[in-house]
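K.L.:
Protein chains in written order, with the working numbering: chain C, 1 to 336; chain E, 1 to 404; chain W, 1 to 300.
1) Report yes or no: is there a C-beta of chain W within less than 8 angstroms of the C-beta of residue 285/C?
2) Please name the residue in 250/E, 277/E, 266/E, 231/E whose C-alpha comes closest to that of residue 257/E.
3) Take residue 139/C and list the residues in its own chain whose beta-carbon comes closer than 6 angstroms to its own, dropping the five residues that flank it on each side.
4) In the region 210 to 228 of chain C, which residues sit with their C-beta less than 8 angstroms from some C-beta in chain E, listed in chain order?
5) Between the region 266 to 278 of chain E and the region 305 to 312 of chain E, can you find at least three pairs of beta-carbon atoms closer than 8 angstroms?
6) What first and last residue would you give for the alpha helix (DSSP H) that runs through residue 68/C?
7) If we ignore side chains and look at the alpha-carbon of each, how far apart do residue 92/W and residue 268/E end up?
8) Using beta carbons (cut-off 8 angstroms, strictly below), is residue 15/W in contact with chain C?
9) If we cut at 8 angstroms on Cβ distances, does residue 146/C have a partner in chain E?
10) Does the beta carbon of residue 242/E sit closer than 8 angstroms to a beta carbon anywhere in chain W?
11) Excluding five sequence neighbours on each side, which residues of the same chain lie with their C-beta closer than 6 angstroms to the C-beta of residue 194/E?
12) So, do the region 130 to 144 of chain W and the region 59 to 70 of chain E have three or more beta carbon pairs nearer to each other than 8 angstroms?
13) Is residue 219/C close to the ligand FMN? I mean its beta-carbon at under 7 angstroms from any heavy atom of the ligand.
14) Helix, strand or coil: how does DSSP classify residue 385/E here?
15) Determine, using beta carbons only, whether residue 114/E and residue 133/E come nearer to each other than 8 angstroms.
16) According to DSSP, which residues form a beta bridge with residue 134/W?
17) For residue 126/W, report the span of its alpha helix (DSSP H) as first-last.
18) Contact check, residue 27/W vs residue 231/W under 8 angstroms by CB: the rounded distance?
19) How do the region 237 to 254 of chain W and the region 102 to 120 of chain W stand: do at least 3 beta-carbon pairs fall below 8 angstroms, yes or no?
20) Under DSSP, the alpha helix (DSSP H) around residue 309/E begins and ends at which residues?
21) Rounded to the nearest angstrom, what separates residue 74/E and residue 41/W at their Cα positions?
22) Which first and last residues belong to the alpha helix (DSSP H) in which residue 114/C is found?
23) To the nearest whole angstrom, what separates the beta carbons of residue 207/W and residue 152/W, a pair I think is in contact under 8 angstroms?
24) So, helix, strand or coil for residue 184/E, using DSSP?
25) Step through the CB atoms of chain W and report whether any lies within less than 8 angstroms of the CB of residue 221/E.
26) Leaving out the 5 sequence neighbours to the left and right, which residues in its chain are closer than 8 angstroms to residue 152/C when beta-carbon positions are compared?
27) Check residue 98/C in the structure and name its three-state DSSP category.
28) Let me see if you follow: with CB-CB separation under 8 angstroms, is residue 67/C close to chain W or not?
29) Kindly indicate which residue of 294/C, 308/C, 298/C has the alpha-carbon position closest to the one of residue 78/E.
30) Hey, out of 222/C, 313/C, 48/C, whose CA is closest to residue 276/C's CA?
31) Is residue 100/W closer than 8 angstroms to residue 76/W when the C-beta atoms are compared?
32) Taking only beta-carbon positions, decide if residue 321/E is within less than 8 angstroms of chain W.
33) For residue 118/E versus residue 145/E, is the C-beta distance shorter than 8 angstroms?
34) Grab the span of the beta strand (DSSP E) containing residue 394/E for me, first residue to last.
35) Alpha carbons only, please: which of 121/E, 250/E, 168/E is nearest the one belonging to residue 147/E?
36) Residues in its own chain within less than 6 angstroms of residue 288/W by CB, not counting five upstream and five downstream?
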């Protein structure tokens with residue numbers, strides 16, 4: 001009985017989410033739609049980070065750099081190799097996945113603070129590496145698809161024609177990011193409920209116990225890094241499109257990695273709904289803060305204060321609140 | 001395929017954008033009472049010290065507005081923060097153009113930042129006026145990007161001047177170069193080599209640094225170890241100051257050439273405090289604006305006006321800030337261009353005005369400098385004077401020279 | 001690939017590296033302090049140090065000379081650190097380490113923003129702590145200032161060691177950090193021990209900032225960020241639970257950074273940071289507890 005109820009509840013939630021995503025743009029201005037599209041990119045990246053940190057217990061301060069890998073893959077393929085930008089998205093994910101695996105290699109031996117430093121190093125090195133290999137990456141000037149590959153940048157020229165309808169550019173980007181986001185969220189949901197997810201959680205809860213019960217913790221750690229890398233890469237790739245088809249080494253400076261972790265924890269680790277809230281938090285709160293006061297430094301103060309307040313008042317994150325709200329609902333459905 | 005498709009697409013986009021922005025008036029940003037211009041400035045982040053470039057200009061516009069504006073219109077200057085990140089510059093500039101519908105983009109700061117939006121603005125035929133960056137591309141690539149124009153003397157021109165001076169006056173120099181490892185620094189190096197000409201081998205070592213470095217101690221040590229007796233500081237203020245202090249610790253007293261970006265009087269004062277009076281004595285740089293701290297201009301009308309304006313419209317802040325006076329000078333030139341753009345300015349007319357400047361009365365530039373552009377010369381300020389640091393302030397020497 | 005070196009030049013670079021490393025060392029010790037007390041890396045440590053430095057600067061603008069301003073600021077930072085811990089950290093004391101880490105990230109934004117809000121972004125300079133007159137020994141030049149900076153960080157470690165080893169309060173703090181449950185049973189107010197730890201660390205941070213600012217020549221609101229990065233790396237290299245290790249690790253890092261950037265031409269200046277961090281990781285892979293740290297033995 002309870003299993004059927006749980007699945008039904010899950011489907012209802014999923015349907016509601018899809019409906020919300022479909023309908024929201026009607027109430028959004030064009031500029032808002034662009035902001036939501038950017039939040040969508042963060043949503044995807046944080047989905048991956050959540051799998052890594054929330055479900056597998058591995059800290060990463062380097063996911064901004066993995067987004068950069070995806071972003072530059074898209075930029076380079078579109079600018080220099082004649083790809084249409086949309087087709088590069090899965091490729092960007094794959095390349096970032098590879099980078100994620102590489103990042104996961106030291107993860108097998110390191111944990112906690114040391115892993116934080118390792119991923120931190122990756123995040124710090126990325127802008128410098130991007131500048132250094134300027135033949136490939138365009139150096140500090142970055143890659144401007146609007147200049148170099150206008151015809152292959154979907155939506156850069158004006159409204160997009162899709163399935164017989166004409167959609168404004170920012171609305172199109174919104175649907176693109178959240179659409180891909182929902183699909184990837186569903187994939188993550190399936191993953192988490194399967195054997196891989198159980199192995200991840202085992203590694204998180206007690207590496208020693210997991211190892212003793214025959215789980216190859218090193219392999220699963222690397223896998224978590226790889227999968228979360230794929231997500232970050234897709235998020236980064238979409239970020240290029242949403243950021244006016246431009247990327248430069250400073251686009252994904254260390255602060256993006258930090259912001260992703262903030263988004264993941266504020267959203268509430270281990271909860272897929274929280275991920276969306278976390279992504280919206282890191283996208284919108286800084287700009288709201290800027291609206292309150294434009295004085296230099298003031299937006300930072302408000303944003304930081306918001307982070308501190310949320311963590312103090314809601315230690316299990318925004319998603320935790322969501323769960324608490326819906327818990328009575330589902331418990332009542334359980335206990336009959 | 002290919003090119004004609006792109007052209008068609010671009011034209012289509014232009015029609016779409018023009019149609020979308022047709023709205024009320026034919027010229028976006030211009031109403032009977034107001035001209036709206038926009039731009040980005042690093043109000044936060046690693047380059048926030050340059051924010052005064054926008055603040056100074058804004059204060060000057062407010063002053064002009066209180067004195068009748070331009071043909072009865074007040075100038076509204078909307079400047080927003082891009083944190084010196086080109087990705088944000090693109091975002092904000094698009095918002096200014098598409099949402100705020102500004103008449104022109106003005107005084108946007110940074111080389112990479114302006115490069116990122118140049119084609120976009122040129123494709124949409126939105127003027128990119130008086131770019132706050134000394135990269136020579138704003139002037140030299142004007143044919144390709146006719147809607148873009150710079151303002152200050154080019155970095156390449158500045159360093160060429162230093163090179164020529166050294167080649168003539170110090171033919172036995174051993175030159176060490178400290179440069180910022182980006183387009184700005186590299187352009188200065190290229191200019192120096194050009195100015196030295198056949199004497200380019202006087203350069204014994206070039207040491208680059210990255211903006212994210214904490215200090216340049218090791219670069220300075222290396223330059224000294226090559227027995228350089230002349231040091232070119234192609235760096236931003238923070239690192240320029242360090243060059244002096246690191247050199248002093250090493251007991252090294254080269255002849256220093258410090259680029260305009262880092263030679264403002266208050267920067268030099270800090271450099272002297274951080275090293276010693278002897279260390280900064282004799283340093284050479286270039287000047288094209290009246291530095292507000294220089295005692296030479298203490299009673300100058302323009303500097304007095306500068307102070308009055310800042311007191312009234314900027315809360316009295318930034319009276320010693322060189323970037324504020326840069327902003328005012330730039331704003332003066334923009335007002336000049338708007339006046340010549342006619343009673344019903346259009347984007348095309350302001351562009352024509354700004355490429356046909358002949359401004360002899362800009363009070364903020366050094367006497368004798370004419371802010372001029374022609375169909376073949378797209379560098380508004382192309383004259384400067386050499387100056388030498390003596391007893392704690394800059395003293396001009398030599399004549400007004402062409403920079404370029 | 002490796003440029004041929006002259007030995008005086010190398011020695012000079014080593015000295016330059018030790019001098020830079022000295023500025024990282026004091027901050028590294030502050031990081032270690034909070035880590036040992038709470039198990040958390042305080043992301044805001046650098047910004048707090050920066051804020052303290054600005055406060056000291058304001059004092060110097062109002063007639064105080066360096067050392068009086070220094071003393072006042074360090075004392076105020078001690079108090080400020082305690083207040084901060086009580087207000088911001090205590091509420092999340094029982095939450096996960098990650099939660100506390102995020103709170104410190106939030107603090108990073110608040111303190112950095114506040115510094116921009118309160119003080120203008122124009123570069124400022126700090127009077128020197130020690131004389132910067134150059135001294136030459138065997139063809140290598142350095143200044144009393146360099147020695148002073150290294151000396152101060154060693155002194156800080158010494159004082160801390162003395163405090164933890166020989167005073168009752170220090171013993172109580174160590175107990176609280178090692179085993180909070182048992183400590184409570186013996187009457188130690190664990191919560192206040194943590195607050196004290198924050199106070200000490202913030203005071204140390206103030207010292208770090210005040211040591212770092214003068215040799216830089218000028219400073220602005222972002223000046224501690226690269227230093228935090230190196231302090232973190234140096235602390236981890238030395239073994240995150242060892243204060244002496246933090247100092248040695250930071251000094252070694254400073255020297256290594258300089259030599260790497262100068263003599264390995266492929267690395268150059270922009271990849272120095274990345275290369276240094278990569279090497280530290282290499283060390284960690286071989287010796288996961290860092291040079292001086294205690295290897296954690298996991299009991300099953």
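Glycine included, each C-beta is placed from N, C-alpha and C at the ideal position. Since we're looking at a predicted model, the values are computed, not measured.
P.N.:
Well, looking at it:
1) Taking 8 angstroms as the threshold, the shortest C-beta distance from residue 285/C to chain W does not fall below it.
2) 231/E
3) 131
4) none
5) no
6) 63 to 80
7) Here the C-alpha atom of residue 92/W lies approximately 47 angstroms from the C-alpha atom of residue 268/E.
8) no
9) Output row for residue 146/C: interface = yes.
10) yes
11) 160
12) no
13) Looking for the ligand FMN in the displayed structure turns up nothing, as the structure carries no ligands at all.
14) The answer is strand: DSSP assigns residue 385/E an E or B state.
15) yes
16) For residue 134/W, which the question treats as bridged, DSSP gives the partners 143/W.
17) Where residue 126/W is concerned, there is no enclosing alpha helix (DSSP H), given that its DSSP letter is neither H nor E.
18) Sure, about 4 angstroms apart at Cβ, within 8 angstroms.
19) no
20) Counting along the chain, residue 309/E sits inside the alpha helix (DSSP H) bounded by residues 301 to 313.
21) 53 angstroms
22) 112 to 132
23) 7 angstroms
24) helix
25) Yes, residue 221/E lies at the interface with chain W (some Cβ there is under 8 angstroms from its Cβ).
26) 78, 82, 83, 84, 85, 145
27) helix
28) Not one chain W Cβ lies under 8 angstroms of residue 67/C.
29) 294/C
30) 48/C
31) no
32) yes
33) yes
34) Looking at the DSSP string, the run of the beta strand (DSSP E) that includes residue 394/E is 393 to 402.
35) 121/E
36) Contacts found: none.
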